[in-house]
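Asks:
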């Protein structure tokens, strides 16, 4: 009568029962049959369960679950928060400038140390400013305010750039010790190129700024002086007459 299978669960029986009640709500005889059938079904389910003839339905067995894939690379805890994959704009900007500084020592070997120093300063700027919003500018396009400098972030920036620059210098020394370079490849050029590559790594794959944008919504603590002033034009709206 209910149109359900023998192994139907309790929810299916209740759903069929409500459907029959809605269908025969105005027929007392059929409603009585519906009640009797429901009681018979529930009694039959109870008897089978007591005899152990029924087994609960398991949608997914815990023994048949697919093993979770382990991550191949996990960022160490002390690096979490500073390792950041670059977007295309940042990668293109850093690679273009430092790429030029890395190529120039091939043509001007005597200026290798100068290009290396300029690359280091550029890397400091790239790394420290990464993640910060654009500087506010006035109508003439000039910077309208100066960002506050945080000492801890400055020290972290200098440390990262120096570490990767030192790794590049060590790599260059290893190459010069074990690899026979051609005549046109000066040792100064090898050192400069390797160190600049270390600067590039620190500028591209790291970020010292903890937030994307500093909190500048506090009153009186913005980058500019716009948050310090209090307007006086609203006092004239209290109903007073303007003085002549």
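Residue numbers (the working numbering): 50 to 293. In this text, a Cβ means the ideal position worked out from N, Cα and C, and glycines have one as well.
1. Determine the contact status of residue 149 and residue 252, defining contact as a CB-CB distance below 8 Å.
2. Provide the residue span of the alpha helix (DSSP H) that contains residue 137, from first to last.
3. Assign residue 233 to one of two classes, buried (16 or more other C-beta atoms within 10 Å of its C-beta) or exposed (fewer than that).
4. Decide if residue 154 is buried, meaning its Cβ has at least 16 other Cβ atoms within 10 Å, or exposed.
5. Tell me the rounded alpha-carbon separation between residue 242 and residue 141.
6. Assuming contact is defined by CB atoms lying nearer than 8 Å, are residue 235 and residue 135 in contact in what I supplied?
7. Answer yes or no: do residue 176 and residue 206 have a C-beta to C-beta separation smaller than 8 Å?
8. What residue from 60, 84, 171 has the CA that sits closest to residue 145's CA?
9. Rounded to a whole number of angstroms, what is the C-alpha to C-alpha distance between residue 169 and residue 138?
10. With H, G and I counted as helix, E and B as strand and the rest as coil, what does DSSP make of residue 210?
11. Out of curiosity, what's the CA-to-CA distance linking residue 163 and residue 182?
12. Cutting at 7 Å between CB atoms, please list the residues of its own chain near residue 216, excluding the five before and the five after it.
13. Would DSSP call residue 265 helix, strand or coil?
14. Can you give me the C-alpha to C-alpha distance between residue 92 and residue 59, rounded to a whole angstrom?
15. Measure the C-alpha to C-alpha separation of residue 61 and residue 87 and round it to an integer number of angstroms.
16. Check residue 132 in the structure and name its three-state DSSP category.
17. State the DSSP-derived secondary structure class of residue 255, mapped to helix, strand or coil.
18. For the alpha helix (DSSP H) holding residue 77, just list the boundary residues, first then last.
19. Roughly how many angstroms separate the alpha carbons of residue 76 and residue 84, rounded to a whole number?
20. Taking its Cβ as the centre, do 16 or more other Cβ atoms sit within 10 Å of residue 96, making it buried, or is it exposed?
21. Apart from the five residues just before and just after residue 240, which ones in its own chain have a Cβ nearer than 6 Å to its Cβ?
22. What is the C-beta distance between residue 257 and residue 214, in whole angstroms, given that I count them as a contact (C-beta under 8 Å)?
23. Is there a Cβ of chain C sitting closer than 8 Å to that of residue 99, yes or no?
24. Relative to the alpha-carbon of residue 133, which residue among 167, 179, 223 has its alpha-carbon at the smallest distance?
Replies: Let's see:
1. What you label residue 149 is simply residue 100 of the chain shown in a count that begins at 1. What you label residue 252 is simply residue 203 of the chain shown in a count that begins at 1. Cβ atoms of residue 149 and residue 252: not closer than 8 Å.
2. Your numbering for residue 137 matches position 88 in the chain shown. Residues 137 to 156.
3. Numbered from its first residue, the chain shown carries residue 233 at position 184. Residue 233 should be labelled exposed.
4. On the chain shown, position 105 is the one that residue 154 refers to. Flag for residue 154 reads buried.
5. Position 193 of the chain shown, counted from the first residue, corresponds to residue 242. Position 92 of the chain shown, counted from the first residue, corresponds to residue 141. Between residue 242 and residue 141, the C-alpha separation is close to 18 Å.
6. On the chain shown, residue 235 is found 186 positions in, with the first residue counted as 1. On the chain shown, residue 135 is found 86 positions in, with the first residue counted as 1. No.
7. What you label residue 176 is simply residue 127 of the chain shown in a count that begins at 1. What you label residue 206 is simply residue 157 of the chain shown in a count that begins at 1. For residue 176 and residue 206, yes; Cβs fall inside 8 Å.
8. Residue mapping note: residue 145 aligns to position 96 of the chain shown, counting from 1. Of all alpha-carbon atoms in 60, 84, 171, the one lying nearest the alpha-carbon of residue 145 is that of 171.
9. Taking the chain shown and counting its residues from 1, one reaches residue 169 at position 120. Taking the chain shown and counting its residues from 1, one reaches residue 138 at position 89. Taking the CA atoms as reference points, residue 169 sits about 20 Å from residue 138.
10. For the purposes of this step, residue 210 is identified with residue 161 of the chain shown, where counting begins at 1. In this structure, residue 210 counts as helix in the three-state DSSP scheme.
11. Along the chain shown, one-based indexing puts residue 163 at 114. Along the chain shown, one-based indexing puts residue 182 at 133. Their Cα atoms are separated by approximately 30 Å.
12. One-based indexing of the chain shown puts residue 216 at position 167. Answer for residue 216: 247, listed in chain order.
13. Taking the chain shown and counting its residues from 1, one reaches residue 265 at position 216. Here residue 265 scores only 41 on pLDDT, less than 50, and its place in the model is too uncertain to base an answer on.
14. As a first step, residue 92 must be located in the chain shown, where it is residue number 43. As a first step, residue 59 must be located in the chain shown, where it is residue number 10. When rounded, the distance between both Cα atoms is 12 Å.
15. Along the chain shown, one-based indexing puts residue 61 at 12. Along the chain shown, one-based indexing puts residue 87 at 38. Answer to the nearest angstrom: the Cα atoms are 12 Å apart.
16. In the chain shown, the residue the question calls residue 132 occupies position 83. Of the three classes helix, strand and coil, the one that applies to residue 132 here is strand, per DSSP.
17. What you label residue 255 is simply residue 206 of the chain shown in a count that begins at 1. In the structure shown, residue 255 sits in a strand (DSSP, three-state: E or B).
18. Within the chain shown, numbered from 1, the residue matching residue 77 stands at position 28. 77 to 100 is the span of the alpha helix (DSSP H), which, as asked, contains residue 77.
19. For the purposes of this step, residue 76 is identified with residue 27 of the chain shown, where counting begins at 1. For the purposes of this step, residue 84 is identified with residue 35 of the chain shown, where counting begins at 1. One C-alpha to the other measures close to 12 Å.
20. Along the chain shown, read from residue 1 onward, the residue named residue 96 stands at position 47. The residue in question, residue 96, is exposed, as its Cβ has fewer than 16 Cβ neighbours within 10 Å.
21. As a working note, residue 240 is residue 191 in the chain shown. Cβ within range, chain order: 221.
22. What you label residue 257 is simply residue 208 of the chain shown in a count that begins at 1. What you label residue 214 is simply residue 165 of the chain shown in a count that begins at 1. Contact flag wrong, Cβ pair sits at about 16 Å.
23. Of the protein chains in this structure there is only one, and it is not chain C.
24. Counting from 1 along the chain shown, the entry for residue 133 is found at position 84. Ranking the options by Cα distance to residue 133, first place goes to 179.
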